[in-house]
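Reading through the structure tokens given below for one structure.
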Amino acid sequence: MKAEGDIYVVHRLLDEQICDSEGRRVGRVDDVELSGDPPRVTALLVGDGLYPRRLPRRLARLARRISGPERWGANALRIPWEEVDELTSTVKLRKKAEDLGLGMGDDPAHWIVRRLPWN
Amino acid sequence: MRAILKIALGIIAAIGGFLDIGDLVFTTQAGALFRYDLLWAVVLGVVGIAVYAEMSGRVAAVSGRPVFDVIRMRMGFGMGLLALVASTIVNLLTLAAELGGIAIVLELLFDAPYGMFVFASAIALVVIAALLPFGGIERFFGYGGLLLFVVVATVFHQNPDWGDVGRGFIPSIDSSTLYLYFVVGVFAAALMPYEVHFYSSGAIEEGWTEKNLKENRLNAIVGYGIGGILSVGLVIVSGYLFHPIGVQPDDLGTVALPMQGAFGETGLLLALGGMLFCVGGAAIDSSFAASYNLAQFLGWEWGRYQGPRKAPRFTASWLVFLLLGIAIAESGINPVDITEYSVVLAVVALPLTYLPVLLIAGDRSFMDRYANGRIATTLGWIYFAVIVVLALAAIPLLLATNAGGG
Amino acid sequence: MAALALVASGCGDLSNDELNRGVESLSALAAQGQLVANGVARDATKTTYARAMARTLGEQAEHEAEKLADATLEEPGTADQRHAAVAVAGEISGLLSELQTYPGDERHGELVEKHLGEAQEKADAIVAQLSGDAP
Numbered sequence: 087m088k089a090e091g092d093i094y095v096v097h098r099l100l101d102e103q104i105c106d107s108e109g110r111r112v113g114r115v116d117d118v119e120l121s122g123d124p125p126r127v128t129a130l131l132v133g134d135g136l137y138p139r140r141l142p143r144r145l146a147r148l149a150r151r152i153s154g155p156e157r158w159g160a161n162a163l164r165i166p167w168e169e170v171d172e173l174t175s176t177v178k179l180r181k182k183a184e185d186l187g188l189g190m191g192d193d194p195a196h197w198i199v200r201r202l203p204w205n
Numbered sequence: 227m228r229a230i231l232k233i234a235l236g237i238i239a240a241i242g243g244f245l246d247i248g249d250l251v252f253t254t255q256a257g258a259l260f261r262y263d264l265l266w267a268v269v270l271g272v273v274g275i276a277v278y279a280e281m282s283g284r285v286a287a288v289s290g291r292p293v294f295d296v297i298r299m300r301m302g303f304g305m306g307l308l309a310l311v312a313s314t315i316v317n318l319l320t321l322a323a324e325l326g327g328i329a330i331v332l333e334l335l336f337d338a339p340y341g342m343f344v345f346a347s348a349i350a351l352v353v354i355a356a357l358l359p360f361g362g363i364e365r366f367f368g369y370g371g372l373l374l375f376v377v378v379a380t381v382f383h384q385n386p387d388w389g390d391v392g393r394g395f396i397p398s399i400d401s402s403t404l405y406l407y408f409v410v411g412v413f414a415a416a417l418m419p420y421e422v423h424f425y426s427s428g429a430i431e432e433g434w435t436e437k438n439l440k441e442n443r444l445n446a447i448v449g450y451g452i453g454g455i456l457s458v459g460l461v462i463v464s465g466y467l468f469h470p471i472g473v474q475p476d477d478l479g480t481v482a483l484p485m486q487g488a489f490g491e492t493g494l495l496l497a498l499g500g501m502l503f504c505v506g507g508a509a510i511d512s513s514f515a516a517s518y519n520l521a522q523f524l525g526w527e528w529g530r531y532q533g534p535r536k537a538p539r540f541t542a543s544w545l546v547f548l549l550l551g552i553a554i555a556e557s558g559i560n561p562v563d564i565t566e567y568s569v570v571l572a573v574v575a576l577p578l579t580y581l582p583v584l585l586i587a588g589d590r591s592f593m594d595r596y597a598n599g600r601i602a603t604t605l606g607w608i609y610f611a612v613i614v615v616l617a618l619a620a621i622p623l624l625l626a627t628n629a630g631g632g
Numbered sequence: 009m010a011a012l013a014l015v016a017s018g019c020g021d022l023s024n025d026e027l028n029r030g031v032e033s034l035s036a037l038a039a040q041g042q043l044v045a046n047g048v049a050r051d052a053t054k055t056t057y058a059r060a061m062a063r064t065l066g067e068q069a070e071h072e073a074e075k076l077a078d079a080t081l082e083e084p085g086t087a088d089q090r091h092a093a094v095a096v097a098g099e100i101s102g103l104l105s106e107l108q109t110y111p112g113d114e115r116h117g118e119l120v121e122k123h124l125g126e127a128q129e130k131a132d133a134i135v136a137q138l139s140g141d142a143p
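The following block contains the structure:
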């Protein structure tokens, strides 16, 4: 079921598990991008930089101080809707996680590099 | 034939894995303080955990979604995060209590310092978790826990007044706050949230599908049901031996005394051995539950079946939780006290875990024809109401009774 | 939770109620100690278990003694009972420490069981006095 038709975005898409083409769990739908009129989902937004958006205002301010601002391509990723393969019990992508910059947190090399002081 | 055997083995593991330090402590204290009067609360708790375990296992098998997956979907990020934080605190306290419990039992068996055994037991857990596959871990502790059937033998050996025992199963409300505190404690000890977190994630670890639904039902209803007999037995043996002479069980070691009274050293060793496996299994379950929840909430790759290489963040978080558990257990607080806090705080976290499970299990768009039927819906909502009431009462009771201290 | 722990440890003033509760828990410790000692007397226990249990119970009795001795009494009429309670606590912890030293000796087990029984009776008598049931 690829969503060319209508879906309840909040019920069926937001917060769902994302898996890549090989079935690896690579994150959750932290937010969605809507555009056009009537609005259509044009991208999934993923990353811990987006968590503050999902919190009540006061907590969001605190969370933003901890996580820093949204940095696109780093702690916030945009996955174009075209990359979505199907919606089952998960959101399945057409490509492997690496090709979309997802699931880096499970890459030990990434951990080390991200924590180096000169990074 | 082989399929039946496999199901039977799973049920037996569920029976043996039913008890944890919270059950051991609260049932023994309840018996000592109120004799058989709280047996009904034990039964209420056992039915409750069976209902919710069956539901969460069914959701996992049919829709592939474990509990924290469901929580984030149904409650959104903000409320889901609250559930995550609350569950993690409770799971960590539970883990610390179970680690402390292992150390106490080892101390009773081998007479060496407690602090050393906390470390040794944590290392043993890491080794067991690393060497055995998921199903093996469950069975190792589950079968070992069956040693505790010595409790049931003790009940028959004591041969209590069965009429008195029977009357204990009829709900009665005594208005003393201490009694109400123990109603909450005994009930909550049976329904610790980590059990459901672990059970539903376990269904995915084992690759369950619709085909395993019968197994799921038998595990939850028969396995937990028979496991509940152990809780009932603990109340009875304690009520029989401790209540008349006014013993106040504040230590884990006291739990084994009735079995020593009945069967001497053999009874004692069976009881301590069973306790060791039960508490050890619960330490594994609660530590895994903490990492399952975190990974599922954040969408990380997770699972013992993936191996540490494929799920590094999950594995690393498990080790971190274990270290935090050790730190709390080593702080010198009596594990029985940690247990009481973790059980009572668990009641407060329970509604956040159970509401989403109940909602998804009844949602036909996810569950199709496997959605809750009339019985599951009715029981589910009744229990949810009970849980909410107890959650509201838990903290005031904890404060009013000084954590059961009277 | 730290605050709770402080409340639970109950330092400071000792009301009649708290004194009563303290003596009751001494009686409970003696009762449990008798069960452990009985296991030793019948050679129906494991020495490591008897020793560790005796140690824990003994520590609790000692702790109870300290609590009773340190606190200021709210009601001056109960000084005698407090004094007696501290003595019983000392007796119980002494007996348990003997059990801890000889967890494998049946003869010691028997004696400790008997004396703990007597100590429990004393504690119960104090409770009765405090609640005004006694002559």
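So the sequences go chain by chain: A, B and C.
Just so you know, the first sequence maps onto residues 87 to 205 in my numbering.
Just so you know, the second sequence maps onto residues 227 to 632 in my numbering.
Just so you know, the third sequence maps onto residues 9 to 143 in my numbering.
Ideal placement from N, C-alpha and C gives every residue a C-beta, glycine not left out.
- Nearest CB-CB separation between D295 of chain B and chain A: below the 9 Å threshold.
- Look at N24 of chain C: its C-beta is not under 9 Å from any C-beta on chain B.
- Just measuring C-alpha positions, the residue of B:A258, B:V288, B:A286 and B:T253 sitting nearest G271 of chain B is B:T253.
- Chain order gives the chain A residues near E527 of chain B as R110, R111, V112, G189 and D192, where near means a beta carbon separation below 8 Å.
- Counting of Cβ neighbours within 10 angstroms places P84 of chain C among the exposed residues, the total staying below 16.
- Residues of the stretch 119 to 133 of chain C with a C-beta less than 9 Å from any C-beta of chain B: Q128 and D132, listed in chain order.
- Between I554 of chain B and L319 of chain B, the CB-CB gap stays under 9 Å.
- Not flagged as an interface residue toward chain B: L107 of chain C, since no C-beta distance is shorter than 9 Å.
- Residue range L483 to L524 is occupied by the alpha helix (DSSP H) that includes S513 of chain B.
- Put simply, the backbone Cα of G479 of chain B is about 7 Å away from that of L334 of chain B.
- In the three-state reduction of the DSSP assignment, S121 of chain A falls in the strand class, which pools E and B.
- The closest CA to that of M593 of chain B, considering only B:A286, B:G243 and B:I241, is found on B:A286.
- Classified as exposed, K440 of chain B has fewer than 16 neighbouring CB atoms from the shown chains inside 10 Å of its CB.
- At least one C-beta of chain B is nearer than 9 Å to the C-beta of Q40 of chain C.
- Sorting B:Y466, B:A239 and B:L578 by C-alpha distance to the C-alpha of M305 of chain B places B:L578 at the top.
- R164 of chain A: member of the beta strand (DSSP E) spanning L163 to P166, first to last residue.
- Non-local beta-carbon contacts of P386 of chain B in its own chain, meaning distances under 7 Å to residues more than five positions away in sequence, involve I462 and Y466 in chain order.
- The beta carbon of G135 of chain A is closer than 8 Å to those of S153, G154, P155, E156, R157, A160, N161 and A162 in its chain, skipping five residues each way along the sequence.
- With contacts defined by Cβ atoms closer than 9 Å, V574 of chain B and G459 of chain B do not form a contacting pair.
- If you draw a straight line from the Cα of L179 of chain A to the Cα of K437 of chain B, it comes to about 27 Å.
- In the three-state DSSP reduction, I104 of chain A falls in the strand class (E or B).
- Within chain C, the residues Y57, A60, M61 and T64 have their CB atoms less than 8 Å from the CB of G479 of chain B, given in chain order.
- Contact with chain A is absent for G236 of chain B, since none of that chain's Cβ atoms lies less than 9 Å from the residue's Cβ.
- Taking each of B:S427, B:S512 and B:N445 in turn and checking the Cα distance to Q522 of chain B, the smallest one comes out for B:S427.
- For P386 of chain B, the nearest beta carbon of chain C is not closer than 9 Å to its own beta carbon.
- Here E102 of chain A is not near R164 of chain A, since their CB atoms are 9 Å or more apart.
- Straight-line spacing of the CA atoms in A415 of chain B and G47 of chain C works out to 30 Å.
- Pairwise C-beta distances place the stretch 93 to 111 of chain C in contact with the stretch 57 to 69 of chain C, as three or more of them are shorter than 8 Å.
- For the 9 Å CB-CB criterion, G370 of chain B and G236 of chain B do not form a contact.
- Under the three-state reduction of DSSP, K181 of chain A is assigned to coil, being neither helix nor strand.
- The C-alpha of L373 of chain B lies about 41 Å from the C-alpha of L76 of chain C.
- For S175 of chain A, the nearest beta carbon of chain B is closer than 9 Å to its own beta carbon.
- Residues P419, S568, L571, A572 and A575 of the same chain have their beta carbon placed closer than 7 Å to that of V316 of chain B, with the five preceding and five following residues left out of the count.
- Between the stretch 262 to 282 of chain B and the stretch 139 to 149 of chain A there are fewer than three inter-stretch CB-CB distances shorter than 8 Å, so the stretches are not counted as touching.
- Between E99 of chain C and H123 of chain C, the gap from beta carbon to beta carbon is short of 9 Å.
- When DSSP assignments are scanned along the stretch 234 to 307 of chain B, no uninterrupted stretch of beta strand (DSSP E) that is 3 or more residues long falls wholly within it.
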